[in-house]
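This report concerns only the one structure given below.
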Amino acid sequence: MDETRMEEFSAPPLNWADNMSIAFYDEQNLLEKKVTLEELPALKARLDKEPGSHLWLNLDDDFEDQAVEVICQLFGVHPLVQEDIVVKNQRPKVEDYEHYIFTVAKMLYYREQELIQEQVSFIVGKNFLITFGEQRGDVFDPVRARLRKTISLARREGSDYLFYSLMDSIVEGYFRVLEQMGERIDLLEDRVMKSTSNEEHKEIRNTKKDLLYIHKHSWPLREVTAWLSKEEGGIIGSTAQLYFRDINSQLVQVIDTTETYREVLSGLIDINLSNISYRLNEVMKVLTIISTIFIPLTFIAGVYGMNFKYMPELYKEWGYPVVWVIMLAIAAGMVYFFKKKKWF
0 MDETRMEEFS APPLNWADNM SIAFYDEQNL LEKKVTLEEL PALKARLDKE PGSHLWLNLD
60 DDFEDQAVEV ICQLFGVHPL VQEDIVVKNQ RPKVEDYEHY IFTVAKMLYY REQELIQEQV
120 SFIVGKNFLI TFGEQRGDVF DPVRARLRKT ISLARREGSD YLFYSLMDSI VEGYFRVLEQ
180 MGERIDLLED RVMKSTSNEE HKEIRNTKKD LLYIHKHSWP LREVTAWLSK EEGGIIGSTA
240 QLYFRDINSQ LVQVIDTTET YREVLSGLID INLSNISYRL NEVMKVLTII STIFIPLTFI
300 AGVYGMNFKY MPELYKEWGY PVVWVIMLAI AAGMVYFFKK KKWF
C-alpha cells in the first residue's frame, strides 16, 4: 500500500456517518477517517487486493440495524451474529465461525458517580476487525494512539493483536472502576465508624450492587479470554494468544478483588447495623431510666390525687412541700444509684 493510493482512497465522502469510522493500515501507512455505508464495498475490495493490509471498522452511538445487516453481508457474517449484535443485553461470550470469531464483552466506566455498562461486539477475521458499541465514546483511545505510531507492535501485527489491545483496554477499565470503588469503600469505612445513619447503609448496598455487576461481567469474560488463548482456528496467532493469556490472569485478579471488596462491604454492613443497634440501645436505656425514676413519683402523685374525704396531709400546711421533698429525694437517690452502677 503506497502513499499515493492512500491519498486517493482518503477523499471525504459526501455524507459523513458520525458513528462509523475506520482505521485502514499496514506496517508503514495508516488511514483514519469517518465513512458511510456506501464506501464500505470499496474498502473491502481494497482490503482483499492488498496483502498485509488490515481494517478496523468501528460503529458506536446506537447504530441502526440496517448498518449491521449491510456490514455483516459484506463480510460474510452469519445472520445469528447480526441478531446478537443488535440485542444489547448479551452475556460476554465467544463464538467460532469458519473465517472469523464473534465475541461480546462489557465495557464498564463511571459517569457522574453512576456505573455505566456498555456492550461491545467484536467480529475479528484474519485481516479485519469490526467493533460495535452502544454509545458515543469508548475506552479505546490509547489503542488508537499506539496504532498511529509506525514502530508500534499494533502496526506490525495483525487484526488479532488489535483485537487483544481493545480487549485489554476493556479490562483496564475494570481496574479503573475497581480503583474508584476502593476509594469509595475507604471513605465508607471512615463514615461508618463515625455515623449511625441509614445513608451509609444505602451507599454500601449501592456499592455492593456495582461490585456484583463487575463480577457478573468479568467471570464469563475470563472464560472468553481462556478460549481465545487456546484458539486453534488460525484467527488468533500464537503471539496474540500469549497476550490473551495475560488478560485472563488479569481477570482472575479482577474477580479476586471484587470478592475481597464484597467481603469488606459485608463487614461494613454488619458494623453499621451494630452501630445502629448500639445507638438504639443507648436511647432505650436512657428512656428506661427516665421511666424507672418516674414510677415512684407517679405512685405518690396518684395516691394524693385520690378523691378521699379524709387525707390528713391535705390539711397540713407543710403537706405540699414535704411531698415535693420526698419526690425529689427519691429521684435524686435513684439517679445516684444508677450512676454508681454505671448504667449511664
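Numbering (numbering that gives the first Met the number 0), first residue to last: 0 to 343.
All C-beta atoms, glycine included, are put in the ideal place defined by N, C-alpha and C.
- The Cβ-Cβ distance between residue 159 and residue 70 does not fall below 8 Å.
- Among the bridge pairs identified by DSSP, residue 106 is matched with 117.
- The beta carbons of residue 287 and residue 210 sit about 41 Å from each other, so the pair does not count as a contact at 8 Å.
- The segment 116-165 is shown to contain whole beta strand (DSSP E) runs of 3 or more residues at 127-132, in chain order.
- Counting along the chain, residue 310 sits inside no beta strand (DSSP E), nor does DSSP assign it H or E at all.
- Per DSSP, residue 53 lies in no alpha helix (DSSP H); the unbroken beta strand (DSSP E) holding it starts and ends at 53-58.
- Proximity to residue 221 across 104, 327, 140, 292 peaks at 104, based on C-alpha coordinates.
- Spatial neighbours of residue 191 in its own chain (CB-CB distance under 8 Å, excluding positions within 5 residues in sequence) are listed in chain order as 199, 203, 267, 270, 271, 274.
- At a cut-off of 3 residues, the continuous stretches assigned as beta strand (DSSP E) that sit fully inside the segment 63-100 are 92-95.
- Contact annotation: residue 26 and residue 147 have beta-carbon atoms that are not nearer than 8 Å.
- Taking a 10 Å sphere around the C-beta of residue 55, we find 16 or more other C-beta atoms and assign the residue as buried.
- With respect to residue 18, residue 58 sits close: the two C-beta atoms are nearer than 8 Å.
- Each residue's CA atom was taken as its position, placing residue 108 and residue 237 some 31 Å apart.
- By the neighbour-count criterion, in which a residue is buried when 16 or more other Cβ atoms sit within 10 angstroms of its Cβ, residue 247 is buried.
- In the three-state reduction of the DSSP assignment, residue 234 falls in the coil class, being assigned neither a helical nor a strand state.
- Counting only runs of 4 or more residues that sit fully inside the segment 171-250, the alpha helix (DSSP H) segments are 197-227, in chain order.
- One Cα belongs to residue 132, the other to residue 119, and the distance between them is close to 5 Å.
- Taking one beta carbon from each stretch, the segment 290-300 and the segment 323-332 have 3 or more pairs nearer than 8 Å; the two touch.
- Under the three-state reduction of DSSP output, residue 281 falls in the helix class.
- As the crow flies, the alpha-carbon of residue 89 is around 22 Å from that of residue 228.
- A straight line joining the alpha-carbon of residue 339 with that of residue 194 spans about 29 Å.
- For residue 309 and residue 317, the gap between their C-alpha atoms comes out near 17 Å.
- DSSP places residue 336 in the uninterrupted alpha helix (DSSP H) bounded by 318-339.
- When the alpha-carbon of residue 106 is set against those of 295, 91, 223, the nearest one is in 91.
- Counting along the chain, residue 33 sits inside the beta strand (DSSP E) bounded by residues 29-33.
- Around the beta-carbon of residue 239, 16 or more other beta-carbon atoms lie within 10 Å, marking it buried.
- When secondary structure is reduced to three states using DSSP, residue 23 falls in the strand class.
- Your pair residue 184 and residue 260 checks out as a contact, with CB atoms roughly 6 Å apart and the cut at 8 Å.
- Between residue 284 and residue 343, the gap from beta carbon to beta carbon is short of 8 Å.
- DSSP places residue 260 within a helical segment (H, G or I) once states are collapsed to three.
- In its chain, beyond the 5 residues on either side, 108 have a beta carbon closer than 6 Å to the beta carbon of residue 115.
- In the three-state reduction of the DSSP assignment, residue 271 falls in the helix class, which pools H, G and I.
- Note on residue 138: 16 or more other CB atoms within 10 angstroms of its CB, so buried under the neighbour-count rule.
- In its chain, beyond the 5 residues on either side, 25 have a beta carbon closer than 6 Å to the beta carbon of residue 51.
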